[in-house]
Each structure stands twice: as C-alpha cells, then as structure tokens.
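Novice: Residue numbers (the numbering used here), protein chains in the order written: chain B, 9 to 266; chain S, 1114 to 1413.
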Amino acid sequence: MSERSDLRYGGFTTLFYKEVLRFWKVASQTVAAPVLTALLYLLIFSHVLEGHVQVHGVAYTAFLIPGLVMMSVLQNAFSNSSSSLIQSKVTGNIVFVLLPPISYMEFFAAYVAASVVRGLVVGTGVLFATFWFAPLTFVEPIWILVFAVMGGAILGSLGVIAGIWADKFDQLAAFQNFLIMPLTFLSGVFYSINSLPPFWQKLSHWNPVFYMIDGFRHGFFGISDASPWLSLAVVGGCLVLLATFTLNLLKRGYKLRN
Amino acid sequence: MSPAIRIEQVSKRFGSTRALDNVDLEIEQGEFFGLLGPNGAGKTTLISALAGLVRVDTGNLSVMGYDVQSDYRAARRHLGVVPQELVFDPFFSVRESLKIQSGYFGIGDNDDWIDEILENLGLASRAGANMRMLSGGMKRRVLVAQALVHRPPVIVLDEPTAGVDVELRQTLWQFIKRLNEAGHTIVLTTHYLEEAENLCNRIAMLKDGRVVALDTTKQLLRRFSAHALRLRTGGVMPKELTSEATESGGWWSIPFNSFDEIEPLLVKIRTAGCEIDSLEIGKPDLEEVFIRVMQGAHHE
Ligand SMILES: Nc1ncnc2c1ncn2[C@@H]1O[C@H](COP(=O)(O)OP(=O)(O)OP(=O)(O)O)[C@@H](O)[C@H]1O
Ligand SMILES: [Mg+2]
C-alpha cells in the first residue's frame, strides 16, 4: 500500500483488504512455499507412478495435477483464516476488529473471502508451476471455478471455527493434523477412489473433500468418479451447514466476546 | 441530552469471581471522568462491557443513548477505547494501522485527521515505521491514535500512561484536555492518582466490582481529606493536641478545615514550650482519599 493511497471503506471491505494484505506481505511463506511443496509432490509421485498408472484413461501426472491444485487451495484457505485469527487472539490485536461496528456477517464474509483469495492465488501458482509436466485439458472450466471457490469457502469457514476455538497454537495444529490433513489426503488427490478396496471406497464417499476434488477434476477432464451435480449438491450442502454453524458461533460471541 | 455513558445495574461474573457487582453509573457529556480502583477492581471489565468486548450477565449499558447490544453499531461509532494491554499488529506500519482502523469505521479519506493525530501525539516522524520497530511508549501512542481515528464523542482510556515517559504524559494530557474542551467526553483509569486529581472533574472508585465512592473530585477531597499542618518538633506535642495529631516518621500531622485555625494551633504549640524545627502545610490529596475509601469499603 502506498503511503497515502485510499482504502475502500466499510467493515467488510477493509477487513477483507487487511486480510489479503496480511498474507500478501509474507507471500514467500504463504504463497511461494506451498507452491514449492506441491511441485515436489508432483515430481516425486509422477516419477514413481507415471507409466505404471492410468486413471480414467488419463496419464497419471495429468490426473495428479488438478488434485494437487485443489489440495493447495483447500489447505491454504484453511490456513489463512485460522492462522490470522489465532495470531490476533494470542497477540491481543483482535480487539482492533472487535471494537469497530463490524457485524458478525461482515466479519465472517471478510475472513472467508480472504481465505478463498489465498486459496485461489496458491492454486493458480501450483497450476502454473505444474501444468507443463503433462498435457492438461480444461473441458468444463466453470466446474473448476465453482469447486475451487466453494471448497476454499468451506475450508475458510473451518479455519474461522478452528481459529476461534483454539486458545493456543498447538490446539490449532491438532485441528490441522487430525482433521484437515487426513480429510484432504484421503480424498483422492493422489488416486481415483475406484482403485480402492470396496470398504475404503464406501468410506471415501463420506468424505466431503472427496467431492470437492472430484468435481474440481471433472472440470479438467470431463470425467470423474461421481457426477459433478452430486458433488455440487454435497459441497453446497456442506458450505451452507458450516456457514450457518460459524455464523451462529460469531453471533453468540463464542470465545471472542465473553 | 442523553448521558455520554449510562451503566445500569450491571453485573458480570467470571466463574466464581464477581468482576462487576450491580454497578450503576452515569457520565454526562463533556465530563472528564476518572475510574479508579485497585488491581482487579473491575475497571477493565467495565470498559470491556461498554465496548462490547464482554457480555454482561445482567444490566444495560449505553453510549450516547445507544444500547451497546441492541444498537451496537451506533454505540461503537460513538466510542473510542484505548485498551490497557499493549497490543499491535506486526504486519503493518503506523499509518497503515490507522488507515485500516479508519476503514473499519467506514471512513475512507481520513489522512488529514490522521496527520493531526500523529502530530499531536509526537508520532509524525514514525508514521512509516513498522509497528514492530517501535518502543513500548511509541506503541502506546499508536493505541491512543487508533482509538481516535473516528473522532468518537466518548473516549475511554484504560491506563494510557502506564510505562510512558514524562514528556508523552504531558503531551498526551494536553491533547486529551483539548479534545475535552472541544466537547469530547473523557473517561480514564489510572493508578497515578495525581493525574486523576488534576484532570478529572468527577471520580468513581471501584472495589471488588462495586462502586464505593462517586463524587466530584472537589467533594471527595473535602470529604475524605483535609488540609493538615505538618511539623517536626524538638519537644513533645502538647496533650490537648495529641488526640487530633498523628505521628509518622518524626512528622506530626494536625488536620484543620479552615486556615483561621492555623494561628491558634501554633500558639498552643508555642505555649506548651514545644520547638518547631520544620513546618509545612499539607494539601488534601487523592491518595489519602483513595486509601480511606478503600479501607472504609473493606469494613462494609
Ligand atoms: N477473562 C477473564 N476471565 C476470568 N477472570 C477475569 C477475566 N477478566 C477479568 N477477570 C477477573 O475479574 C476481576 C476484575 O478484573 P479487571 O481486569 O476488570 O480489573 P481492573 O480493575 O482493570 O484491574 P487492573 O487495575 O489490574 O487493570 C479480576 O478479579 C480478574 O481476575
Ligand atoms: Mg485493568
């Protein structure tokens, strides 16, 4: 921000702007690092599996790329809201957003929207870093956008919940390690769930992240494990549920105003 | 005209701690009001309740007539709070912090007012500095500045001078006094009672979550603390005076209400053959009032 440039005003816009600026100022950690991580995954997995595995008739590396992009979108969306909130709580500067006339709706929308932006920025970075490793198609791009935004919003909401609930950084780490990581890793990022034994296939159908990644991948190849419309219904349903839950926490002032 | 702050029968518990116990308080517009009390008395809790940072168990609070719960947007727009804790956002510079804070209040182009605040708080030369680079006292100044970006008619300062050097205290109070003269209502908490005595027209004293004294500063001083003749003598204090006089550290202190009483007192001392080595007239001070009120409250 230049010294005298103007902001757009109002609680939502300013808080959203501040949240975006916050991660952008440390982009090497918040954008470059996750892009590099995804690139390493791609290099290792494609080296080991390319030529051995095909999924839906797509070469493995090409199949893997959308999975890695979506995983990065999701993890970074979660990371953005949760780490911002816990930092503000631990350092106490959360009062700066609690003192002004910002409604709980605006509060929620700003944190989630900034999370989506971070997810999309990192996801785009991963796509640019990886797409020359395999011939990629973009058959139905609208699905790509829809699932990226909705998935980012869901994980952004989860991040708000985790950031508000956790009192310490290790509680947040537990939330991340025992919930977010297993859900994303066991969702078909690295494989098609059709290649799994029946029990694991059934279990995967209970994992909402599976639908986010499957629907997202459908946008690239026009082929997926589940119908994109089913995925849309599941993901949309999850978003509505989570948003309602989070808004209710915020409305009650849970842990923020007690 | 609605009062600047109205607090009606407010109670708040934290577990088994009664942080606020049925507090009633009304602060008129334009007042310079002191909220005093020992550590843990409930001052910060009361301020937090007013700012909507804490939900109270019972009672109502309003700022400029706006209820802090049902009409929180208006209430918060009319209130500026300088928090007690020294908090800052390490991601931003001083100016960025102030612009962002303005934006939260829906104010876009606020540069002129921000410049004025920076100037008045001696921060102008540090405007571009990252918050992390500032000393503790400088961070405190930024906290004050952040509370003022939206020109709130009611300004609450929770120990703004803790850990702040003499120079800033002076400049800070000059600035705050000017705001008060311009019509802003000021509420401050401090443990420097001299500050409160000089600045505040009215004072409430809190103890264990209850208001144990509430009056104009003048009245409090008059009621609980008198002028006193303080003297050091070579001899013994005459019998007739020892009932009123108290001794500590070689100094006798004899309270009096009117300056007419000084002469007869001195005469008594002289006729008793008591030699005066040193003499001064002690003025009533808030510290004495504070101690007496707190002791009194203890026995209730
Ligand atoms: N979040 C909290 N959880 C539990 N107890 C609390 C909390 N906040 C305050 N208290 C308790 O409430 C009481 C009042 O605290 P408060 O901070 O309002 O005092 P204070 O008058 O501001 O004191 P100080 O002069 O030290 O700032 C204290 O006993 C304190 O321990
Ligand atoms: Mg306090």
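For each residue, glycine too, the CB sits at the ideal point set by N, CA and C.
Starting from the C-beta of K1252(S), find all residues in its chain whose C-beta is less than 8 Å away, skip the five residues before and the five after it, and write them out in chain order.
Specialist: L1199, F1201 and M1244
Novice: Whose CB is closer than 5 Å to a heavy atom of ligand 1? List the residues in chain order.
Specialist: F1127(S), T1130(S), A1132(S), N1152(S), G1153(S), A1154(S), G1155(S), K1156(S), T1157(S) and T1158(S)
Novice: One question on the structure: do P236(B) and W151(B) come within less than 8 Å of each other, judged by their Cβ atoms?
Specialist: yes
Novice: Please confirm whether D1202(S) has its beta-carbon closer than 8 Å to some beta-carbon of chain A.
Specialist: In the structure shown, chain A does not exist; the protein chains are B and S.
Novice: Less than 7 Å separating the Cβ of Q1197(S) from some heavy atom of ligand 2?
Specialist: The answer is yes for Q1197(S).
Novice: Apart from the five residues just before and just after S1361(S), which ones in its own chain have a Cβ nearer than 8 Å to its Cβ?
Specialist: none
Novice: Output the distance between the C-alpha atoms of S89(B) and V120(B), rounded to the nearest integer angstrom.
Specialist: 7 Å
Novice: What residue range does the beta strand (DSSP E) around A1341(S) cover?
Specialist: H1340 to T1346
Novice: Would the C-beta of D1321(S) count as close to ligand 2, meaning under 7 Å from any of its heavy atoms?
Specialist: Because no heavy atom of ligand 2 lies under 7 Å away, the Cβ of D1321(S) does not count as near it: no.
Novice: Check this for me: beta carbons of S1206(S) and A1188(S), under 8 Å apart or not?
Specialist: no
Novice: For the alpha helix (DSSP H) that contains W1365(S), what are its first and last residues?
Specialist: Element bounds for W1365(S): not the alpha helix (DSSP H) but the beta strand (DSSP E), W1364 to F1369.
Novice: Rounded to whole angstroms, what is the Cα-Cα separation between I201(B) and L128(B)?
Specialist: Cα-Cα distance, rounded: 25 Å.
Novice: Does any C-beta atom of chain S lie closer than 8 Å to the C-beta of T99(B)?
Specialist: yes
Novice: My output table needs one value for D1225(S): the three-state DSSP class, helix, strand or coil.
Specialist: helix
Novice: Suppose the cutoff is 6 Å on Cβ atoms and the five residues either side in sequence are ignored; what does the same chain contact list for L1231(S) look like?
Specialist: A1237 and A1240
Novice: Can you grab the Cα-Cα spacing for the pair D1184(S) / N1173(S), in whole Å?
Specialist: Cα-Cα distance, rounded: 12 Å.
Novice: Please check if any C-beta of chain B sits within less than 8 Å of the C-beta of I1213(S).
Specialist: yes
Novice: Taking Cβ positions, are L1211(S) and V1262(S) nearer each other than 8 Å?
Specialist: yes
Novice: Output the residue ranges of the alpha helix (DSSP H) runs that lie fully inside the stretch 167-216 of chain B and measure 4 residues or longer, sorted by chain position.
Specialist: As for any alpha helix (DSSP H) of minimum length 4 sitting wholly inside the stretch 167-216 of chain B, the runs are 177-183, 189-193 and 206-212, ordered along the chain.
Novice: So for Q1287(S), helix, strand or coil by DSSP?
Specialist: helix
Novice: At the 8 Å Cβ level, is G1165(S) part of the contact set with chain B, yes or no?
Specialist: yes
Novice: Could you tell me the distance, in whole angstroms, from the CA atom of L144(B) to the CA atom of R1264(S)?
Specialist: In a straight line, the C-alpha of L144(B) is about 56 Å away from that of R1264(S).
Novice: List the DSSP bridge partners of G1193(S).
Specialist: I1268(S)
Novice: Using the beta-carbon of each residue, which ones in chain B are nearer than 9 Å to V1123(S)?
Specialist: Here the premise fails: no neighbours, minimum Cβ distance about 15 Å.
Novice: Using three-state DSSP, classify S1356(S) as helix, strand or coil.
Specialist: coil
Novice: Would you say P108(B) and G19(B) are within 8 Å of each other, going by their C-beta atoms?
Specialist: yes
Novice: Start and end of the beta strand (DSSP E) containing G131(B)?
Specialist: Where G131(B) is concerned, there is no enclosing beta strand (DSSP E), although the alpha helix (DSSP H) it sits in stretches over Y112 to T138.
Novice: Assign R1119(S) to buried or exposed, taking buried as 16 or more other Cβ atoms, counted over all protein chains shown, within 10 Å of its Cβ.
Specialist: buried
Novice: When the distance is taken between beta carbons, is Y68(B) closer than 8 Å to E58(B)?
Specialist: yes
Novice: Applying a beta-carbon distance threshold of less than 7 Å, which residues of chain S neighbour G261(B)?
Specialist: R1168
Novice: Under 8 Å by Cβ, that's how I've got G230(B) and V154(B) pegged, so tell me the actual separation to the nearest angstrom.
Specialist: Between V154(B) and G230(B) the Cβ distance is about 15 Å, and since that is not below 8 Å, they are no contact.
Novice: Report the CB separation of F1204(S) from R126(B) in whole angstroms; it is logged as a contact under 8 Å.
Specialist: Contact flag wrong, Cβ pair sits at about 14 Å.
Novice: Residues in the stretch 84-115 of chain B with C-beta within 7 Å of chain S's C-beta atoms, listed in sequence order?
Specialist: T99, G100, N101, V103, F104, V105, L106, L107, P108, P109 and I110
Novice: Would you kindly work out how many angstroms separate the C-alpha atoms of S1124(S) and V1167(S), rounded to a whole number?
Specialist: For S1124(S) and V1167(S), the distance between alpha carbons rounds to 11 Å.
Novice: Which of the three DSSP states, helix, strand or coil, is assigned to L1199(S)?
Specialist: Shown here, L1199(S) sits in coil according to DSSP, grouped into three states, outside any helix or strand.
Novice: Name, going along the chain, the residues of the stretch 1322-1334 of chain S whose beta-carbon falls closer than 7 Å to a beta-carbon of chain B.
Specialist: none
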